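Accompanying notes for the structure given below.
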Amino acid sequence: MAATAPVKKVPIHLQSSHNRLLIKNGKVVNADGMADADLYIEEGVIKQLGRNLIIPGGTRTIDAAGLLLLPGGIDPHTHLDVEFMGTKSADDFYQGTKAAVAGGTTMIIDFVLPAKEESLIDAYYEWRRRADEKVCCDYGLHVAVTWWSSSVKKEMEELVEKHGVNSFKSFLAYKGSYQLSDTELYHVFNACKELGALPMVHAENGDIIAENTKKLLNAGITGPEGHEMSRPEEVEAEATNRACVIANQVGSPLYVVHVMSKSAGNVVAAKRDEKLSNGEECVIFGETLAASVGTHSHGTGYSCWSHAAAHVLSPPLRPDPTTPEYLMRLLANDGLQLTGSDNCTFTAEQKAVGKENFTKIPNGVNGVEDRMSVVWEKGVETGIIDPPRFVAITSTNAAKIFNIYPKKGVLAVGSDADIVLWNPRKTRTISAKTHHHKTDYNIFEGLTCHGVPDYVIVGGRVCVDEGELKAVQGLGNFVPTPTFSPTCYPAFKPEENGIDKNAIIHEEIAALRLNNTSSKP
Ligand code: URP
Ligand code: ZN
Ligand code: ZN
Ligand code: ZN
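Counting in UniProt numbering, the sequence shown runs from 1 upward without gaps.
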């Protein structure tokens, strides 16, 4: 049944009396550098930044001496409240965004996942319905193109023009369900190019995985170790290369989600250095995960079935123990550009459905809460990246790619007051006993991370206060993502197309904001 149109709501920060905030004595970290500055917030927006600010009386002051002020994390990859592999992910939009805020993430971008033959617009409305009343922070939506036809193309147009979607994910894996053929991928990428949207890919060769799986099951390998064995690095690297080739032939940009292996990371890095036949730059982005820089597969070395199953996601964690550091180094040298979580949690009971057959284990892990701390620990604490690069790969690059910069992804006058007061000296040890997910395991269990968010400010409201979580259900809003991101379409000249691009973007956002998106046709 078709879902109904989302309800318009009054932003909670406008209903709140706690709408003025001064943060003093901190060090502001942006992707392009760091500076000592005070920061003043009113009505959810950064109004002043600098020294000797003139502030109205009655303003709450937070002393941030010794703390870093970071733009709130943007997690470009979550799956909350999603039906997947015959079950539903454990974290819904309340639980998932509450966990996000606890860890210093103030915006997520989730994936609408239409069933085959389902209308993309109906699925979009269903996601809005699931999210709008529950989100504790702002959110955006990508839409997955899980089947292809002329009606899908029309719906992509409508999603872009009327509903604030600018990114579409296709699958080269999941044969028999979501997988598209190369011809279909070509058409999806082409449609994205015409619309100024960004194609995203899950890059693994689904045909090869299906054959390997048959062979493994026939040989009696039914345990979780079979998951990685059926889809080794090469299978990810081939699909990554193929997706890049298709994008280059179409002339579209491309975003490769969850790069999990050294081989696939190398493909993205190499393709970024190539030029198209017309001399233009290849516009390719690679995202890796908190999971892949924070842990690795132990192959057959897990202590028990449920631990191994808890680590099953696709593409899989790699048994090569040098993978996490290698991927972090690619993030450092801009071979890769972002970190997501791919948060798609299932309880031990849900995972146990695959007890007799690894292909039935629901794929997915946690990460939306711990991504910031894990990336800090494995990146900044090890000296591989500096704090500005940390900001780039956890927030700014996502804001730029999805065209919501400088509203998000930077601490600047006029930007949303989504701010983390990060304590780099404090540590915390990750555990399922203390996390805010609905699941009973945590793939980072026992990892001690430097970097703790002492305060998290979401749209001007203090939602982690001296370490205490005060997340507010419904506080967040849907954030429309406009087309022709200058980061994805650097060669696009709006003037040459008779378009005042800024006017369009602002009108588009303003209209969407006012209505909290348009009504259903
Ligand atoms: O195993 C994963 N990654 N689960 C979530 C769905 C997807 O493919 O991203
Ligand atoms: Zn995927
Ligand atoms: Zn165990
Ligand atoms: Zn995913």
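Glycine residues also receive a C-beta, built at the ideal position from the N, C-alpha and C atoms.
Computed from a predicted structure; not experimentally measured.
- Here Ser-167 carries a strand assignment [DSSP, helix/strand/coil].
- For Glu-466, the closest alpha carbon among the candidates Thr-59, Asp-63 and Asp-36 is that of Asp-63.
- Using a Cβ distance threshold of 8 Å, Leu-68 and Pro-387 count as a contacting pair.
- Spatial neighbours of Pro-319 in its own chain (CB-CB distance under 6 Å, excluding positions within 5 residues in sequence) are listed in chain order as Ser-297 and Gly-299.
- Short of 7 Å from the beta carbon of Glu-117, and not among the five residues preceding or following it, lie these beta carbons of its own chain, in chain order: Trp-147.
- If you check the CB distance, Leu-336 and Leu-327 come in under 8 Å.
- Non-local C-beta neighbours of Lys-193 in its own chain, meaning closer than 7 Å and more than five positions away in sequence, comprise Val-250, Gly-251 and Ser-252, ordered along the chain.
- DSSP, reduced to helix, strand and coil, places Gln-95 within a helical segment of the structure shown.
- If you draw a straight line from the Cα of Pro-224 to the Cα of Ala-308, it comes to about 6 Å.
- Take Leu-21, set aside five residues on each side of it, and the residues of its chain with a beta-carbon closer than 6 Å to its own are Ile-41 and Arg-60, in chain order.
- A contact is defined here as three or more CB-CB pairs under 8 Å, and the region 209 to 228 fails this definition with respect to the region 239 to 250.
- Bounds of the beta strand (DSSP E) holding Trp-422 are 419 to 429.
- The distance from the Cβ of Glu-287 to that of Val-259 is about 6 Å, consistent with a contact at the 8 Å cut-off.
- From the listed residues Gly-354, Lys-271 and Lys-153, the smallest Cα separation to Ile-221 is found for Gly-354.
- If you look at Cys-463, you'll find it in the beta strand (DSSP E) that goes 461 to 465.
- In the assembly as shown, Ala-100 is a buried residue. Its beta-carbon has 16 or more other beta-carbons within 10 Å.
- Annotation for Tyr-40: no alpha helix (DSSP H) segment contains it, though the beta strand (DSSP E) segment containing it runs 33 to 42.
- Of the residues Asp-32, Lys-262 and Leu-53, the one whose Cα lies closest to the Cα of Leu-39 is Leu-53.
- Annotation: the continuous beta strand (DSSP E) that includes Met-200 extends over 198 to 202.
- Fewer than three pairs of CB atoms, one per stretch, sit closer than 8 Å, so the region 173 to 192 makes no contact with the region 125 to 139.
- Following the DSSP letters along the chain, one finds Glu-287 inside the beta strand (DSSP E) bounded by residues 284 to 289.
- Annotation for Val-257 indicates a beta carbon within 7 Å of some heavy atom of ligand 2.
- By the beta-carbon neighbour count (other beta carbons within 10 angstroms, threshold 16), Glu-274 is exposed.
- One thing to note: Phe-478 has its Cβ within 8 Å of the Cβ of Gly-164.
- One alpha carbon belongs to Pro-406, the other to Cys-304, and they sit about 46 Å apart.
- DSSP lists Arg-428 as the bridge partner or partners of Cys-449.
- The shortest C-alpha to C-alpha distance from Gln-473 to any of Glu-204, Lys-400, Asp-132 and Ser-431 is the one to Asp-132.
- Ala-144 is positioned such that its CB atom lies no closer than 8 Å to that of Val-201.
- Fewer than three beta-carbon pairs drawn from the region 43 to 51 and the region 361 to 375 are found closer than 8 Å, and the two stretches are therefore not classed as touching.
- When the Cα atoms are used, Val-256 and Pro-199 turn out to be separated by approximately 9 Å.
- Residue Thr-106 holds the alpha-carbon nearest to the alpha-carbon of Ala-398 among Ser-261, Thr-106 and Glu-325.
- If you look at His-307, you'll find it in the alpha helix (DSSP H) that goes 305 to 310.
- Look at Thr-396 here: in three-state DSSP terms it is helix.
- Apart from sequence neighbours up to five positions away, the residues of its chain that approach Lys-262 with a beta-carbon distance below 8 Å are Glu-233, Arg-318, Asp-320, Thr-322, Thr-323, Tyr-326 and Leu-327, ordered along the chain.
- The DSSP-derived three-state label of Arg-242 is helix.
- When C-alpha distances from Asp-91 are compared across Lys-438, Asn-19 and Lys-153, the shortest belongs to Lys-438.
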